[in-house]
Amino acid sequence: AQSVTQPDIHITVSEGASLELRCNYSYGATPYLFWYVQSPGQGLQLLLKYFSGDTLVQGIKGFEAEFKRSQSSFNLRKPSVHWSDAAEYFCAVGAYGNTGKLIFGQGTTLQVKP
Amino acid sequence: GAVVSQHPSWVICKSGTSVKIECRSLDFQATTMFWYRQFPKQSLMLMATSNEGSKATYEQGVEKDKFLINHASLTLSTLTVTSAHPEDSSFYICSARDRKGAYEQYFGPGTRLTVT
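Those sequence lines, one after another, are chains A and B.
Position 66 of the first sequence, counted from 1, bears residue number 77 in my numbering, the numbering being contiguous throughout.
Position 5 of the second sequence, counted from 1, bears residue number 231 in my numbering, the numbering being contiguous throughout.
Structural data, given as structure tokens:
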């Protein structure tokens with residue numbers, strides 16, 4: 012079955028510290044992947060995406076993610092977290108050739124300590 | 227570019243009434259729109275896929291007669307919650323797929339529905 016797992020439900024980091032949010036997927040077809048961020052009561056903002064090519068992708072707000080096919084992972088990283096990064100983060104996976112449906116992970120809540 | 231709007235942003239309705247939520251792609255044409263439901267502190271659950279000019283495809287477990295979806299044009303899809311009940315209270319988010327692009331979806335800001 013197709014699935015996306017974000018193992019960490021809640022993460023707390025100090026401002027200025029580095030961040031890594033994990034995302035693992037199980038998908039029979041070749042996937043494309045996204046990371047989204049959601050502030051309370053808001054919609055989703057796209058942080059970055061991977062379709063093909065270079066497995067290290069850069070996104071907005073200083074985020075990057077690395078696609079590792081062998082590990083079925085697409086972890087999100089940021090070298091120095093800012094207080095404004097506190098939000099909910101979702102990993103999403105889709106497959107080429109289907110209707111464009113995405114499967115979302117459960118989400119990771121990021122709390123930033125001053 | 228690639229802006230999706232939703233209206234209203236929040237709505238309160240009484241149990242038994244119907245409420246319509248609009249999703250519009252403002253600066254692109256979207257042959258496909260998606261409707262999601264999100265419970266507090268939870269992930270997005272796909273309800274249905276809406277294709278312009280055809281019937282929506284509903285996910286398993288989603289009541290077609292309760293959640294009516296219409297995609298009348300390339301820029302507008304509507305979700306009508308019929309005979310709403312308190313358990314229908316949720317955050318509803320739409321997204322649109324750019325017909326010219328790859329598989330990226332652009333998300334609306336969401337609509338908070340509260341049924342009293």
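The beta-carbon is built from N, C-alpha and C at its ideal position, and this holds for glycine as well.
Nothing here was measured: the structure is a model prediction, and the numbers come from that model.
Going by DSSP, name the residue or residues bridged to residue i.
{"i": "residue 99 of chain A", "result": "A:49 and A:120"}
{"i": "residue 307 of chain B", "result": "B:245 and B:293"}
{"i": "residue 238 of chain B", "result": "B:340"}
{"i": "residue 77 of chain A", "result": "A:67 and A:86"}
{"i": "residue 261 of chain B", "result": "B:274 and B:320"}
{"i": "residue 312 of chain B", "result": "BP columns for residue 312 of chain B are empty, so no partner."}
{"i": "residue 115 of chain A", "result": "A:103"}
In the DSSP assignment, find the beta strand (DSSP E) that holds residue i and state where it starts and stops.
{"i": "residue 248 of chain B", "result": "245-251"}
{"i": "residue 324 of chain B", "result": "316-324"}
{"i": "residue 68 of chain A", "result": "67-69"}
{"i": "residue 16 of chain A", "result": "14-16"}
{"i": "residue 107 of chain A", "result": "That residue, residue 107 of chain A, is in no beta strand (DSSP E); it is neither H nor E in DSSP."}
{"i": "residue 229 of chain B", "result": "Premise fails: residue 229 of chain B is in no beta strand (DSSP E) and is neither H nor E."}
Leaving out five residues on either side along the sequence, give the residues of the same chain with a beta carbon under 6 Å from the beta carbon of residue i.
{"i": "residue 296 of chain B", "result": "304"}
{"i": "residue 68 of chain A", "result": "59, 61 and 76"}
{"i": "residue 233 of chain B", "result": "248"}
{"i": "residue 40 of chain A", "result": "106"}
{"i": "residue 255 of chain B", "result": "300 and 325"}
{"i": "residue 32 of chain A", "result": "87, 100 and 119"}
{"i": "residue 70 of chain A", "result": "58 and 59"}
{"i": "residue 282 of chain B", "result": "274, 276 and 295"}
{"i": "residue 35 of chain A", "result": "16, 83 and 84"}
Indicate whether residue i and residue j have their beta-carbon atoms separated by less than 8 Å.
{"i": "residue 260 of chain B", "j": "residue 320 of chain B", "result": "yes"}
{"i": "residue 271 of chain B", "j": "residue 262 of chain B", "result": "yes"}
{"i": "residue 127 of chain A", "j": "residue 83 of chain A", "result": "The requested residue 127 of chain A is not part of the displayed model; chain A covers only 12 to 125."}
{"i": "residue 322 of chain B", "j": "residue 329 of chain B", "result": "no"}
{"i": "residue 123 of chain A", "j": "residue 92 of chain A", "result": "yes"}
{"i": "residue 276 of chain B", "j": "residue 115 of chain A", "result": "no"}
Suppose the cutoff is 7 Å on Cβ atoms and the five residues either side in sequence are ignored; what does the same chain contact list for residue i look like?
{"i": "residue 315 of chain B", "result": "339, 340 and 341"}
{"i": "residue 311 of chain B", "result": "241 and 341"}
{"i": "residue 118 of chain A", "result": "17, 99, 100 and 101"}
On the premise that residue j lies in contact with residue i, defined as a C-beta separation below 8 Å, what is that separation, rounded to the nearest angstrom?
{"i": "residue 55 of chain A", "j": "residue 101 of chain A", "result": "7 Å"}
{"i": "residue 337 of chain B", "j": "residue 247 of chain B", "result": "5 Å"}
{"i": "residue 306 of chain B", "j": "residue 251 of chain B", "result": "Their Cβ separation, rounded to whole angstroms, is 19 Å, which puts residue 306 of chain B and residue 251 of chain B out of contact at 8 Å."}
{"i": "residue 66 of chain A", "j": "residue 78 of chain A", "result": "4 Å"}
Residues in the same chain with beta-carbon distance under 8 Å from residue i, minus the five sequence neighbours each way, listed in chain order, please.
{"i": "residue 113 of chain A", "result": "45, 103, 104 and 105"}
{"i": "residue 53 of chain A", "result": "none"}
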